[in-house]
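Let me begin by presenting the structure, written as structure tokens, before commenting on it.
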Amino acid sequence: MLKIFTKKEELKNYRDQIIGSVGLIPTMGNLHEGHLSLLKTSLDQNDNSIITIFVNKTQFGPHEDFDKYPRTFDEDLTKIESIVIGKNKEVIVFHPETADEIYPPGFQTSISIGPLKEILCGQFRPTHFDGVTTVVYKLFTLSRPTRAYFGQKDYQQCIIIKKMIDDLEIPLEMHILPIIRSVSGLALSSRNQYLSSKELNEGLHLIKTLKKCEQLLLQKENYQTFIQKELSQHSEWDYLEIRDGDTLLTLLPTSKKAVILGAFRLGKTRLLDNIVVNLC
Ligand code: AMP
Numbered sequence: 012m013l014k015i016f017t018k019k020e021e022l023k024n025y026r027d028q029i030i031g032s033v034g035l036i037p038t039m040g041n042l043h044e045g046h047l048s049l050l051k052t053s054l055d056q057n058d059n060s061i062i063t064i065f066v067n068k069t070q071f072g073p074h075e076d077f078d079k080y081p082r083t084f085d086e087d088l089t090k091i092e093s094i095v096i097g098k099n100k101e102v103i104v105f106h107p108e109t110a111d112e113i114y115p116p117g118f119q120t121s122i123s124i125g126p127l128k129e130i131l132c133g134q135f136r137p138t139h140f141d142g143v144t145t146v147v148y149k150l151f152t153l154s155r156p157t158r159a160y161f162g163q164k165d166y167q168q169c170i171i172i173k174k175m176i177d178d179l180e181i182p183l184e185m186h187i188l189p190i191i192r193s194v195s196g197l198a199l200s201s202r203n204q205y206l207s208s209k210e211l212n213e214g215l216h217l218i219k220t221l222k223k224c225e226q227l228l229l230q231k232e233n234y235q236t237f238i239q240k241e242l243s244q245h246s247e248w249d250y251l252e253i254r255d256g257d258t259l260l261t262l263l264p265t266s267k268k269a270v271i272l273g274a275f276r277l278g279k280t281r282l283l284d285n286i287v288v289n290l291c
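Numbered by our numbering, the letters in the sequence shown go through residues 12 to 291 in order.
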């Protein structure tokens with residue numbers, strides 16, 4: 012059964028009455044198979060699922076695409092319905108009618124993580140992760156989930172949210188699910204629709220380069236030289252780095268897993284992707 016709430020009071024009242032487990036899937040809408048994979052897993056693992064659709068202004072920089080971010084609620088609902096149909100599970104779609112539902116007048120609290128928010132994407136989007144952690148914390152308190160689902164596609168976001176959960180001892184299980192890709196290999200993203208077909212093709216350079224790094228890493232070859240050359244030859248890179256997969260700090264000989272992360276710009280659109288490599 013599907014219920015749509017546009018007010019946080021509806022969500023809170025409903026949550027107070029829920030018996031059984033609750034899965035939370037925070038999204039900004041314009042749903043694609045990546046988002047839907049999170050919902051499907053939540054449906055499998057929980058009695059109730061709450062999918063939130065909220066384009067959170069505080070995680071956008073002043074010159075970013077908040078105004079033109081695709082808002083497609085009716086299509087999103089149809090996609091959710093097609094997954095929920097036939098399943099004997101409760102699904103709540105929380106779609107705040109205004110930003111005041113999340114940030115009422117006078118709101119002045121921010122959840123801000125330490126140095127993790129300053130590296131990688133944080134160098135280019137200095138206020139982004141404060142916006143993410145604050146809204147996710149708020150969605151956690153409104154939904155009080157048993158489990159919360161995030162995509163590996165936004166790897167730094169996952170590590171930051173995991174750190175917030177650990178540091179603040181938020182009582183929930185965090186699940187990080189694999190990246191869903193197009194047939195060509197591009198990680199699905201709501202922002203891919205900004206790209207022309209030529210750019211969609213050029214965007215494949217991102218995953219091809221990450222795979223080359225993976226190969227060099229696994230063969231214990233000098234990936235640093237390759238990365239330096241790649242960065243100097245292609246000005247589209249915001250960054251291309253290999254870090255410790257658990258901490259996002261420097262990769263050490265003792266690291267159990269590595270993550271190869273890239274952000275690649277095509278016009279005004281930034282594509283993100285990553286590959287995790289188990290080292291033991
Ligand atoms: P967004 O609507 O972009 O904020 O994304 C909402 C959630 O969906 C986040 O946890 C994302 O990491 C996840 N997500 C986005 N794209 C993908 C993808 N291609 N595969 C898996 N999860 C994804």
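Heads up, the beta-carbon is just placed ideally off N, CA and C, and yes, glycines get one too. All values derive from a computational prediction rather than experimental measurement.
Following the DSSP letters along the chain, one finds residue 175 inside the alpha helix (DSSP H) bounded by residues 166 to 178.
The nearest non-hydrogen atom of the ligand AMP is 7 Å or more from the C-beta of residue 183. Taking a contact as a CB-CB distance under 8 Å, the pair residue 50 and residue 87 does not count as one, their CB atoms being some 11 Å apart. Secondary structure of residue 89 (DSSP, three-state): helix.
The C-alpha of residue 133 is placed about 21 Å away from the C-alpha of residue 65. Per DSSP, residue 214 lies in no beta strand (DSSP E) segment and is marked neither H nor E. One thing to note: residue 202 has its Cβ no nearer than 8 Å to the Cβ of residue 247. Screening all residues for a C-beta within a distance smaller than 5 Å of any heavy atom in the ligand AMP leaves 38, 39, 45, 46, 161, 162, 164, 165, 190, 191, 198 and 199, in chain order. Counting along the chain, no alpha helix (DSSP H) covers residue 187; the unbroken beta strand (DSSP E) around it starts and ends at 184 to 188. Collapsing the DSSP output to three states places residue 101 in a strand. Contact between the segment 54 to 63 and the segment 133 to 143 is absent: fewer than three C-beta pairs spanning the two stretches fall below 8 Å.
Contact between residue 261 and residue 254 holds: CB atoms are separated by about 7 Å, below the 8 Å threshold.
Apart from sequence neighbours up to five positions away, the residues of its chain that approach residue 218 with a beta-carbon distance below 6 Å are 196 and 284, ordered along the chain. Restricting attention to 70, 287, 75 and 226, the CA atom closest to the CA of residue 114 is found in 70.
Going by C-alpha positions, residue 158 is about 9 Å away from residue 56. Cβ-Cβ separation between residue 101 and residue 12: approximately 5 Å, consistent with a contact (criterion under 8 Å).
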